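Colleague:
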Amino acid sequence: MNQKHIEKLLHFVDEQTLKQIAENYEVTDSKTKEKIYQKICEKKRAMHQESETISETYHTPYVKFVSCTKTFGIATVCMLITVGTIGGIWKLTRIGSPSENVNSIIESNTDTLSLTQTETTTTTQLEPIATRPAYLTAYLEICEQNEKDFNNSIYCLYDIDKDGTPELIIEAPSAYTTSPTSLYTYADNQVYVLMDKCFFDMRSQYMIHGDHLLGYLIHPDNNSIYYNIGEYSGLIYHYVYQTITPQHTLEKVVLTRVTDVDTLFKEYPYLKEDDSYNYINGNGYYINYEKTTEEEYNAFYSAHNPETYSKNVLDYKSYSEFLESLPE
Amino acid sequence: MTEQEIRCLLKEQPEKGERELFDIYYHYVYTIVYHKLCNIGSREDIEECVIDCFVEVFTHINPDYDGSLKAYIGTVAKHKAINAGKQLQAKAKRNIFLEEEKFCELSSDENIEDLTEQSEQTEILMQCISELGEPDTTIMIQKFFYNHSAIEISHIVKLNPVAIRVRCSRALKRLKTMLLARNFTF
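As they're listed, the protein sequences go chains P and B.
First residue of the first sequence: 1, per my numbering; consecutive thereafter.
First residue of the second sequence: 1001, per my numbering; consecutive thereafter.
Rendered as structure tokens:
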């Protein structure tokens, strides 16, 4: 009897046996367990500190107001100093120039030079001071290109993953009841594409016309995007949760409920041949297209209650409004 | 401690509640994650995933929810592990794009008949392992499921590593006899 064979067979245990092993056997020694617990506490503390910092900056209206006033005040002072310095340097270089304001008329009866009163107004062209953050510059390039490809798109900035840098969300116009959405995040001095013109990024980009569709909802406090979508008159219903990972990808959990598979395959027999639906194994509950128990399904659903997500946090604007809303 | 007691503790003393939750479900979560990632990731990747699972649970857990805590934690562990597995596979460039020409040449090497037989064999093997009795059953699971070394097993079962090796080899012989008696084919 080969030891490798035993290993291979044991790694092939079913869910029930796996749970039995998990419940009855220790997996590491107590030292490793303690080390892991300490790391969990550290990670939780780090996340909490990060979200407190962001809360202080963004979420308290009073602090927001004070912070905005302070920022505006500092920016104004800096601008005045810079303008004053540039103006002073310019004046120094221009002393003695004939284009200075001349305000004398000399008239002479004989061979005189007449100087005409001139009022010259000189305008000083100042270079705009770069105050725009790098992520905004990067996002604007994308918006500009998008506007060329898809006129009448709408744009929004919102910090979905609560890391202090907003994500860019673009919805292009569409004939469907919802629009293809693109989602970008900025980190490490570059833009990452999280969604590229996706119709809710389901298994297929092609939606069934007439199905009940809702827009994306964003959780106001956690890093989470949510939507739900019915297929085939709600015989299949999905609740989809996505989070932005530290590796700048979207991690997805799809909860699916199949309520009447007999009617489904009777009304739409071609689905039996469609690989996209081969996960369906009778009525019931699925998580990420694997059958699960109602208990597990409900546990996850309740922990990520859709009612905690908000419809109204995304403030979409047309391209021109979006540009106007940005700092210069 | 029951789940209801844990929920009360989470409400009244969150830190204690979280510690209790961790103590009760640590092995459960680790096993689930290990099972998904053992062929793809290292020990560190598995530990990192376990940490992420518990951080997720502690962040989202609602003490007022009266459903099954175990079910929720198990689900989080499973799907964190699946996602971690996908990321590890992507890093290891074990994915192939649909557009690549080679894609059409790929075929599944799964044989349903073999899989069914394997599943039956696993069931018989697990039964025989559990009949070995303690501490041999634990040693076999630690060695062949968790791939622990004799030293690591010795920390868990509180036996000398040499004793672990001796017990393991004797248990293997007994296991072979039991399996042959059940017409187990290798």
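Even glycine gets a Cβ: it sits at the ideal position worked out from N, Cα and C.
Note that the coordinates shown come from a computational prediction; the quantities given were computed from them, not determined experimentally.
Checking contacts by CB at 7 Å: is L18(P) closer than that to chain B?
Modeller: With 7 Å as the cut-off, L18(P) counts as an interface residue toward chain B.
Colleague: Cβ of T1177(B) less than 7 Å from any chain P Cβ?
Modeller: Chain P contact via Cβ: absent.
Colleague: Is it the case that the Cβ atoms of K1078(B) and I1032(B) are separated by a distance below 7 Å?
Modeller: It is a contact, given that the beta carbons lie within the stated cut-off.
Colleague: Pick helix, strand or coil for C156(P), following the three-state DSSP scheme.
Modeller: In this structure, C156(P) counts as strand in the three-state DSSP scheme.
Colleague: Mind checking if T1031(B) is an interface residue toward chain P, Cβ cutoff 7 Å exclusive?
Modeller: Yes, its Cβ sits closer than 7 Å to a Cβ of chain P.
Colleague: Specify the secondary structure class of A138(P) as computed by DSSP and reduced to three states.
Modeller: If DSSP states are grouped into helix, strand and coil, A138(P) belongs with the helices.
Colleague: Going by the DSSP bridge assignment, what does E290(P) pair with across the sheet?
Modeller: According to DSSP, E290(P) bridges with I287(P).
Colleague: Considering only C-alpha positions, which residue in the set D1136(B), N1147(B) and E1152(B) is nearest to V1166(B)?
Modeller: Checking every option, the nearest Cα to that of V1166(B) belongs to D1136(B).
Colleague: Report the option in G284(P), M47(P), D29(P) and V13(P) whose CA atom is closest to the CA atom of D161(P).
Modeller: The shortest C-alpha separation from D161(P) is found at M47(P).
Colleague: Answer with buried or exposed for M79(P), where buried requires no fewer than 16 other C-beta atoms within 10 angstroms of its C-beta.
Modeller: Exposed.
Colleague: Any C-beta of chain P within less than 8 Å: which residues of the region 1146-1162 of chain B qualify?
Modeller: Going along the region 1146-1162 of chain B in chain order, one finds Y1146, N1147, E1152, H1155 and I1156 with a Cβ nearer than 8 Å to chain P.
Colleague: Going by DSSP in three states, A1071(B) sits in which element: helix, strand or coil?
Modeller: Correct three-state label for A1071(B): helix.
Colleague: If you draw a straight line from the alpha carbon of E1123(B) to that of H1060(B), how long is it in whole angstroms?
Modeller: Rounded to whole angstroms, E1123(B) to H1060(B) spans 36 Å at the Cα level.
Colleague: Just to check my reading of the structure: I1040(B) and G1085(B) have Cβ atoms closer than 8 Å, yes? What is that Cβ distance to the nearest angstrom?
Modeller: Confirmed, about 5 Å.
Colleague: Would you say G1067(B) faces chain P, with C-beta separation under 7 Å as the test?
Modeller: Closer than 7 Å to some Cβ of chain P, the Cβ of G1067(B) qualifies, so yes.
Colleague: For a contact meaning CB atoms closer than 8 Å, what does L1125(B) contact in chain P?
Modeller: Result: I6, L9 and L10.
Colleague: Residues of chain B with a CB under 9 Å from the CB of Y25(P): which are they?
Modeller: Within chain B, the residues near Y25(P) are H1027, T1031, T1137, T1138, I1141, Q1142, F1145, Y1146 and I1156.
Colleague: Using a beta-carbon distance cut-off of less than 9 Å, what residues from the region 266-297 of chain P approach chain B?
Modeller: Those would be I287, N288, E290, T292, T293, E295, E296 and Y297, in chain order.
Colleague: Check the DSSP bridge columns for M195(P) and list the partner residues they point to.
Modeller: Bridge partners of M195(P): L183(P).
Colleague: Return yes when the Cβ of Y309(P) is within less than 7 Å of the Cβ of Y226(P), no when it is not.
Modeller: Against a cut-off of 7 Å, the Cβ pair of Y309(P) and Y226(P) comes out as a contact.
Colleague: Quick one: what's got a C-beta closer than 6 Å to T116(P)'s C-beta in the same chain, skipping five residues either side?
Modeller: Low confidence applies to T116(P): its pLDDT is 41, below 50, so where it sits in the model is not reliable enough to give any reading.
Colleague: Only counting the same chain, and skipping five residues up and downstream in sequence, which positions put a Cβ closer than 7 Å to that of N283(P)?
Modeller: Here the set comprises V258, T259, D260 and V261.
Colleague: Pick from N223(P), D221(P), Q242(P) and I154(P): whose alpha carbon is nearest that of M195(P)?
Modeller: Answer by Cα proximity: Q242(P).
Colleague: Rounded to whole angstroms, what is the Cα-Cα separation between N288(P) and D188(P)?
Modeller: Those two C-alpha atoms are separated by around 30 Å.
Colleague: Note down the Cα distance separating K1016(B) from L1009(B), rounded to an integer number of angstroms.
Modeller: Looking at the two C-alpha atoms, the distance is approximately 7 Å.
Colleague: Are S1169(B) and P1161(B) closer than 7 Å when you measure CB to CB?
Modeller: No.
Colleague: From this set, E1120(B), E1134(B) and K1176(B), which residue's C-alpha is nearest I1156(B)'s C-alpha?
Modeller: Taking only the C-alpha atoms, the option nearest I1156(B) is E1134(B).
Colleague: When the distance is taken between beta carbons, is I244(P) closer than 7 Å to N228(P)?
Modeller: No; because the gap between Cβ atoms is not below 7 Å, this pair is not in contact.
Colleague: Using the Cβ count rule (16 or more neighbours within 10 Å means buried), how would you classify T112(P)?
Modeller: Caution is warranted here: a pLDDT of 41 is assigned to T112(P), below 50, making its placement in the model unreliable, and no coordinate value can be reported.
Colleague: Name the chain P residues that come within less than 9 Å of G1074(B), Cβ to Cβ?
Modeller: The contacting residues are K19, A22, E296 and A299.
Colleague: CA-CA distance, I169(P) and Y279(P)?
Modeller: Answer to the nearest angstrom: the Cα atoms are 31 Å apart.
Colleague: Look up K252(P) in the DSSP assignment and say whether it is helix, strand or coil.
Modeller: Three-state DSSP puts K252(P) in a strand.
Colleague: Whose C-alpha, out of N151(P), D149(P) and Y139(P), is nearest the C-alpha of T185(P)?
Modeller: Checked all of N151(P), D149(P) and Y139(P); the closest Cα to T185(P) is Y139(P).
Colleague: On a CA-only basis, which of F1144(B), L1175(B), A1090(B) and K1176(B) is nearest T249(P)? Give me that one, please.
Modeller: Of F1144(B), L1175(B), A1090(B) and K1176(B), the residue nearest in Cα terms is A1090(B).
Colleague: What are the start and end residues of the beta strand (DSSP E) that includes H238(P)?
Modeller: Looking at the DSSP string, the run of the beta strand (DSSP E) that includes H238(P) is I236 to I244.
Colleague: Which word fits K35(P), buried or exposed, when buried means at least 16 other C-beta atoms lie within 10 angstroms of its C-beta?
Modeller: Per the 10 Å Cβ criterion, exposed.
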